[in-house]
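Trainee: Sending over a structure as structure tokens; questions will come in a sec.
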Amino acid sequence: MLTPVLLSGGVGSRLWPVSREAHPKQFQPLAGELSMLQETLQRTSGLDESAPVVVCNEEHRFMVAEQLRQVDIAASALILEPVGRNTAPAVALAALYAAAEDSESLLLVLPADHVIQDVPAFVAAVGKAVPMAQQGRLMTFGVVPTSPETGYGYIKCGESLAEDLFELERFVEKPDADTASTYLESGAYLWNSGMFLFSAAVYLAELGKHAPEILDCCRRAMEAAHRDMDFIRPEPALFDSCPANSIDYAVMENTDRGGVVSLDCGWSDVGAWSALWDVSERDNSGNASRGDVILDNCSDSYFYSDSRLLAATGVEGLVVVETADAVLVADRDRVQDVKRIVNRLKEQNRPEVSLHRQVYRPWGSYESLVTGDRFQVKRIIVDPGQRLSLQMHHHRAEHWVVVSGTAEVTCDDKTFMLGEDESTYIPLGTRHRLANPGRIPLELIEVQSGSYLGEDDIVRFDDQYGRQD
């Protein structure tokens with residue numbers, strides 16, 4: 002039986018301003034109605050698979066859990082990386098967990114932020130690779146190239162093993178345009194998809210042979226791991242000492258047990274906005290659009306509207322992306338350079354590099370509506386059955402007005418209920434808590450006033466999500 006392993010640690014900076022550190026592309030519905038993580042989970046449903054293992058970072062843990070709940074999928078494990086160490090250690094954590102549960106477990110390793118348009122073709126390719134993995138091969142999925150793409154790495158196929166199955170000859174770094182054209186014409190090269198299928202035991206054995214320090218660090222971190230709710234937390238200090246490396250470099254380029262399965266399924270890693278244009282439905286003028294968009298005399302462009310009307314006229318070959326707090330305009334052939342914009346935002350310590358105006362929390366979300374001198378107005382949504390921490394602020398007071406739903410309010414030693422159109426005042430320095438005991442989302446408006454309104458002015462006394470700050 003297969004165990005899907007979803008790697009959900011990326012940031013997707015080239016898809017800014019929609020993808021941000023606190024809410025990256027895998028949690029966004031960029032190519033369909035579901036998020037990319039949810040679509041990745043669902044495309045394994047045609048396989049004989051067990052419950053998935055998801056490897057993600059600490060900050061995204063509740064987002065992952067909520068997105069699994071939304072599609073009614075229970076994970077076997079949610080493994081939290083204390084720090085990012087690339088794919089070889091991330092998969093090692095999953096392999097150690099899976100091997101302890103089932104010594105013959107096969108891992109289907111899938112990045113959580115890819116698009117596959119032809120799911121039956123993907124399922125068929127997995128089926129072809131399974132017998133090879135059962136025989137001890139480490140299989141990688143090579144995508145049949147459709148163009149001389151310079152943004153992907155390539156795999157050179159060796160001797161044929163069976164239909165669509167080959168020996169793995171070598172991996173090739175991202176080529177220049179002329180070299181990519183040569184690869185395409187030869188027919189011997191496939192795009193490197195970053196997806197794998199292998200036995201957990203075989204992967205660990207090969208990792209121990211070719212990158213023993215990675216295996217040792219991961220094994221010790223998992224042996225000292227502890228469970229927190231539905232999460233498995235490898236010991237931070239031990240994992241922090243682990244070298245950072247990819248599966249390709251650490252294992253696949255060194256092993257003599259590698260294999261390739263050819264995959265033709267409308268695959269994209271959605272590494273930039275131009276990739277979304279490639280996989281999106283386009284009008285007769287070559288435009289792809291999402292959201293509230295009106296176009297006049299435009300061609301071969303991509304338009305994304307998140308929060309308001311986006312109108313364009315007389316443009317060609319552009320990417321225009323609008324969110325509540327940022328607008329990106331780029332030449333469609335230069336969207337790889339968006340990462341340079343992100344780096345400049347980081348240098349300037351701009352919040353837009355990490356946070357959206359709507360910020361997700363394990364209990365729901367909040368959105369900053371208006372900010373001024375000594376005041377801020379927020380829209381807060383608390384999911385049914387959830388509650389915020391018991392907390393106190395040193396520098397601000399708060400007024401709460403319930404818009405819809407029912408609020409349970411704790412204010413020092415008093416606990417009381419508020420319904421729609423009712424309000425309360427939380428004085429500075431008061432211990433307080435907000436909860437939603439109802440069956441529908443609680444929506445309220447919060448008006449903060451005081452000398453300092455930063456999110457770090459929170460002293461938590463009790464928190465059901467295990468947060469300390």
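Numbering (my numbering), first residue to last: 2 to 470. Positions of the beta carbon are idealized from the N, C-alpha and C atoms, including for glycine. All values derive from a computational prediction rather than experimental measurement.
1) With 16 as the cutoff for other CB atoms within 10 Å, does S452 come out buried or exposed?
2) Measure the Cβ-Cβ separation of E168 and S161 and say whether it is below 9 Å.
3) Name the DSSP beta bridge partners of P473, please?
4) Could you work out which residue in E323, I80, S275 and N298 is closest to A222 when comparing CA atoms only?
5) Find out if the Cβ-Cβ distance for the pair V116, A32 is shorter than 9 Å.
6) For D326, which residues from the same chain have a beta carbon less than 8 Å from its beta carbon, with the 5 sequence-adjacent residues on both sides left out?
7) Three Cβ pairs or more, each shorter than 8 Å: is that satisfied between the stretch 78 to 97 and the stretch 53 to 68?
8) The beta strand (DSSP E) with Q136 in it runs from where to where?
9) According to the neighbour-count rule (16 or more other Cβ atoms, all chains shown, within 10 Å of its Cβ), is D470 buried or exposed?
10) Short check: CB of D334 to CB of G318, under 9 Å?
11) Quick check on Q359: does DSSP put it in helix, strand or coil?
12) Leaving out five residues before and five after D279 in sequence, what residues of the same chain have Cβ atoms less than 8 Å from its Cβ?
13) Measuring alpha carbon to alpha carbon, tell me which residue in V72, A436 and E186 is nearest S390.
14) For the 8 Å Cβ check, are there 3 or more pairs between the stretch 181 to 199 and the stretch 230 to 242?
15) Leaving out the 5 sequence neighbours to the left and right, which residues in its chain are closer than 6 Å to V330 when beta-carbon positions are compared?
16) Beta carbon of R86: closer than 8 Å to some heavy atom of the ligand SAH?
17) With a CB to CB cut of under 6 Å and the five nearest residues on each side skipped, what residues in its chain are close to S306?
18) Can you tell me where the beta strand (DSSP E) with M393 in it begins and where it stops?
19) If contacts are defined as beta-carbon pairs under 8 Å, then V6 and V54 qualify, I think. What distance do you get, rounded to the angstrom?
20) Let me check understanding here. Comparing Cα to Cα, which of I459, V72, E423 and F28 lies closest to Q43?
Mentor: The structure says:
1) exposed
2) yes
3) Outside the modelled stretch of the chain, which goes from 2 to 470, sits residue 473, for which no answer is possible.
4) Proximity to A222 across E323, I80, S275 and N298 peaks at I80, based on C-alpha coordinates.
5) yes
6) P18, E353, H357 and R358
7) Cβ pair count under 8 Å is three or more, so yes.
8) Segment: none, Q136 is in no beta strand (DSSP E) and carries neither H nor E.
9) With a pLDDT of 48 at D470, under the threshold of 50, the predicted position of this residue should be treated as unreliable, though the coordinate-derived value follows. Burial call: exposed.
10) yes
11) strand
12) S269
13) Relative to S390, the option among V72, A436 and E186 whose CA is nearest is A436.
14) By the criterion of at least three beta-carbon pairs nearer than 8 Å, the stretch 181 to 199 is not in contact with the stretch 230 to 242.
15) V321
16) By its list of ligands, the structure shown contains no ligand whatsoever, and the ligand SAH lies outside what it can speak to.
17) G292, D293, V294 and E323
18) L391 to M393
19) At roughly 5 Å, the Cβ-Cβ gap stays under 8 Å, so V6 and V54 are in contact.
20) V72
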